[in-house]
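Engineer: I'd like to ask you about the structure that follows.
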Amino acid sequence: MRFGVDEAGKGPVLGSMFAAVVRADPAALPEGVGDSKGIPPARRERLDEAIRDAADAVAVAEIPVERIDDPETDMNTLTVAAHGEALAGVATDGLSGTVDAGDTDAERFGRRVAERVEATVTVDAEHGADETDPLVGAASIVAKVARDAHVASLSETYGAVGSGYPSDPTTREFLAGYVDENGDLPDCARASWSTCEDVLAAAEQATLGEF
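Reminder that position 141 of the sequence shown reads as 141 in UniProt numbering, one-by-one numbering, no gaps.
Below, the structure written as structure tokens:
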């Protein structure tokens with residue numbers, strides 16, 4: 001029995017980041033697990049269900065916008081925290097596993113994640129592990145499905161928000177329209193992101209141009 005951990009939603013300007021751990025016999029996992037970004041949403045949801053049925057344990061941790069915007073932290077530290085909090089959600093004492101490295105120094109990232117877990121665990125960290133380790137690939141899918149559900153809930157609250165990524169025109173249009181109508185960012189926005197700063201600056205410039 002081993003475990004794998006990965007996160008989803010590290011780069012968006014809207015909403016939470018999620019990390020998932022899957023503890024299982026790799027041989028029990030369904031075929032087709034891998035990097036969630038290359039799997040269509042409907043298939044991700046089917047794989048998520050199959051992974052949960054096959055796994056010995058699954059847990060998901062959420063890092064909300066309030067923590068992401070905290071000036072006392074940074075995304076590397078929060079990614080470590082997300083992986084550690086996901087691992088804390090399942091019994092891993094005496095087990096070993098792999099996490100997808102969220103730092104340029106993979107060994108350092110794995111060490112920092114292990115320090116977050118009270119249980120005695122052996123944590124290996126690798127770049128691109130979601131493509132090479134089936135358990136990390138499974139965790140990638142579970143985390144992405146959780147992130148997708150979160151974005152869907154934001155759409156129910158705010159209307160069309162797009163994917164939440166800065167490169168998404170729908171997301172940028174949503175932010176600009178919300179600020180134009182309300183004078184401030186929505187609660188779901190990561191205000192510390194440069195995209196949000198740009199939207200606020202553009203709105204201020206437009207207001208000044210009216211005078």
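Every residue gets a Cβ at the ideal spot worked out from N, C-alpha and C, and that includes glycine.
Which same chain residues end up closer than 8 angstroms to A176 when comparing Cβ atoms and leaving out the 5 residues on each side of it in sequence?
Structural biologist: Around A176: V199, A202, A203.
Engineer: Could you name the residues of the same chain whose beta carbon sits closer than 6 angstroms to that of G209, not counting the 5 residues immediately before and after it, in chain order?
Structural biologist: Confidence at G209 is low in this model, with a pLDDT of 47, below 50, so its placement is unreliable and no value can be given for it.
Engineer: Here's the rule I'm using: 16 or more other beta-carbon atoms within 10 Å means buried, otherwise exposed. How should V13 be labelled?
Structural biologist: buried
Engineer: Decide if P71 is buried, meaning its Cβ has at least 16 other Cβ atoms within 10 Å, or exposed.
Structural biologist: With fewer than 16 other CB atoms across the displayed protein chains lying within 10 angstroms of its CB, P71 is exposed.
Engineer: Quick one: is P41 buried, meaning 16 or more other Cβ sit within 10 Å of its Cβ, or exposed?
Structural biologist: exposed
Engineer: Rounded to the nearest angstrom, what separates E197 and V161 at their Cα positions?
Structural biologist: 18 angstroms
Engineer: Between the alpha carbons of E7 and F18, how many angstroms are there, rounded?
Structural biologist: Each residue's Cα considered, the two are about 5 angstroms apart.
Engineer: Quick one: what's got a C-beta closer than 6 angstroms to R111's C-beta in the same chain, skipping five residues either side?
Structural biologist: Within the same chain, no Cβ atom closer than 6 angstroms to the Cβ of R111 is found once the five residues on either side in sequence are excluded.
Engineer: Cα separation between K37 and L185?
Structural biologist: Distance between the alpha carbons of K37 and L185 is about 28 angstroms.
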